[in-house]
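Asks:
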Amino acid sequence: MEHVLSPATLAELRRPRPYPAVSVLTPTHRRDPYNPQDQVRLRTSVAEAKRQLEADPAVGRERRADVARHLDQALSEVDLTHAEDGLVIFAAAGEHQVWSLARSVPERVVLSDTFLTRNLVSAQTAERPFWLLSLSADRATLWNGGVARVVEERAGGFPLTRRVENFDPERQHRVGDPPSAFREERTRQFLREADTAMSTVLREHPRPLYVTGPPAALALLDEVGSAAEGAVHVPHGGLAHGTPESVWQAIRPVIETEARRNTDAVTRTLETARGRREFAAGVDELWQSARDGRVRLLAVEENYRVTVRDAGDHVILAESDDLESREDIVDEIVEQCLETGADVRFVPDGALGEADGIAGVLRY
């Protein structure tokens, strides 16, 4: 199952395809006893997608069979023992993908000439992804981080390793200080290589960067490279060889502090905008402003969801069983704001006060 949404991957998913490109969205649960329920729901959704394929006169027999086969293959690849909060299956002629999301999605089947990506975009943004580079004298490890977890990322040449030779005991005797691998030219070259590799990753997948390691390693990285400019330094050794759990426990207090700082900055910016009459709140106002490209900063509470119905020039609240309802309007607003260059921030529930879950700063 896929987890990481890069700009290149998103562009490929949005590429028009010969009709039909099928998107199947299903909410899931992270733990028992709900997994059996998820399996039934998922099979029901895939069956509904096949029913729509069968009933659509615009889909020829060969293409219908091809897309249905890929739906079955995607279903067989789903591992609900590692389910998160949402699951998305994409299937078209000759291809399929399965995405696991750390954000709930509405139960939905869509046949179109493109895949439905807005839930992926919103989930990725809500996850607040970051990179964590852990350094030691003989290893540089890259961790892919999000809310409440890190996993080792084996991409971009990482992990980088080298053999560290024994230090010269005669030199230690002459200069009277303990040996340090971070004074060797070979270590400088190793960290240059790590910096170059990290620069490539950031260019292809831009995210906030945290760097851990002994203080000497952090200082040397700043001296020999540029990738860590603006990164948050965490003086903590041993994590280049650590487990995901040990790394997360070490970095968690720093991540939480940064999250609180970001939330405070967002609320101050919104208050300033209110005084300048650049403030907008509520899903109806922000839906229209997002479509017009007017939103400069969008703030969304983490679990804010609302179901609406399109009433022409605005949206109104609706029940989820309304045939014309839109359960993922918040995700749609998030994606639209990102498309027009807005800064999108997810904040803890209740952080926006009377704004009722969603607020923004307008460009004009």
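Going by the numbering used here, the residue at position 197 of the sequence shown is 191; the numbering climbs one at a time, nothing skipped. We put the beta carbon where it would ideally sit given N, CA and C, even for glycine.
Contact between the region 64 to 74 and the region 275 to 293 is defined here as three or more beta-carbon pairs at a separation below 8 Å; is this criterion met?
Replies: Judged by Cβ distances under 8 Å, the region 64 to 74 makes no contact with the region 275 to 293, as fewer than three pairs qualify.
Asks: Just to confirm before moving on: does the CB-CB distance between residue 10 and residue 108 stay below 7 Å?
Replies: Counting from one through the sequence shown, the residue named residue 10 turns up at place 16. Counting from one through the sequence shown, the residue named residue 108 turns up at place 114. Yes, the pair counts as a contact, with Cβ atoms nearer than the cut-off.
Asks: Looking at C-alpha atoms only, which residue of 57, 75, 100 is the closest neighbour of residue 88?
Replies: Taking the sequence shown and counting its residues from 1, the one referred to as residue 88 is at position 94. For the residues 57, 75, 100, the minimum Cα distance to residue 88 belongs to 57.
Asks: Our contact map puts residue 14 next to residue 50 with C-beta atoms below 8 Å; I'd like the distance itself, whole angstroms only.
Replies: Position 20 of the sequence shown holds residue 14. Position 56 of the sequence shown holds residue 50. That pair is a contact at about 7 Å.
Asks: Rounding to the nearest angstrom, what Cα-Cα distance links residue 197 and residue 219 in this structure?
Replies: Start at 1 with the first residue of the sequence shown, and residue 197 comes out as number 203. Start at 1 with the first residue of the sequence shown, and residue 219 comes out as number 225. Roughly 15 Å between the two C-alpha positions.
Asks: Are at least three pairs of beta-carbons, each pair with one atom in the region 134 to 146 and one in the region 238 to 247, less than 8 Å apart?
Replies: Enough Cβ pairs lie closer than 8 Å, so yes.
Asks: If you scan the region 110 to 156 from start to end, which runs of the alpha helix (DSSP H) of 4 or more residues do you find wholly inside it?
Replies: If we require 4 residues or more, the alpha helix (DSSP H) runs fully inside the region 110 to 156 come out as 112 to 120.
Asks: Between the region 265 to 277 and the region 343 to 353, can you find at least three pairs of beta-carbon atoms closer than 8 Å?
Replies: Judged by Cβ distances under 8 Å, the region 343 to 353 makes contact with the region 265 to 277, as three or more pairs qualify.
Asks: For my contact list, residue 115 and residue 332 are in at a C-beta cut-off of 8 Å; report their separation, rounded to the angstrom.
Replies: Taking the sequence shown and counting its residues from 1, the one referred to as residue 115 is at position 121. Taking the sequence shown and counting its residues from 1, the one referred to as residue 332 is at position 338. So it is a contact: roughly 6 Å between Cβ atoms.
Asks: For residue 306, does the count of other Cβ atoms within 10 angstroms reach 16, so buried, or fall short, so exposed?
Replies: As a first step, residue 306 is located in the sequence shown; it is residue number 312 there, counting from the start. Residue 306 should be labelled exposed.
Asks: Flag residue 284 as yes if its beta-carbon sits less than 7 Å from any beta-carbon of chain B, otherwise no.
Replies: Here chain B cannot be found, since the structure has a single protein chain.
Asks: Going by beta-carbon coordinates alone, are residue 98 and residue 80 separated by less than 7 Å?
Replies: Counting from one through the sequence shown, the residue named residue 98 turns up at place 104. Counting from one through the sequence shown, the residue named residue 80 turns up at place 86. Yes, the pair counts as a contact, with Cβ atoms nearer than the cut-off.
Asks: Just mark residue 329 as buried or exposed, buried being the case when its beta carbon has 16 or more other beta carbons within 10 Å.
Replies: Numbered from its first residue, the sequence shown carries residue 329 at position 335. Looking at its Cβ environment, which holds 16 or more other Cβ atoms inside 10 Å, residue 329 is buried.
Asks: Quick one: residues in its chain with C-beta nearer than 8 Å to the C-beta of residue 12, no 5 flanking neighbours on either side, listed in chain order?
Replies: The residue given as residue 12 occupies position 18 in the sequence shown. Result list for residue 12: 57, 86, 87, 107, in chain order.
Asks: Can you grab the Cα-Cα spacing for the pair residue 321 / residue 150, in whole Å?
Replies: By one-based count along the sequence shown, residue 321 stands at place 327. By one-based count along the sequence shown, residue 150 stands at place 156. The alpha-carbon atoms of residue 321 and residue 150 are separated by roughly 37 Å.
Asks: Find the nearest neighbour of residue 371 within the set 47, 20, 44, judged by alpha-carbon distance.
Replies: This structure gives no information on residue 371, because the portion of the chain shown stretches from -5 to 358.
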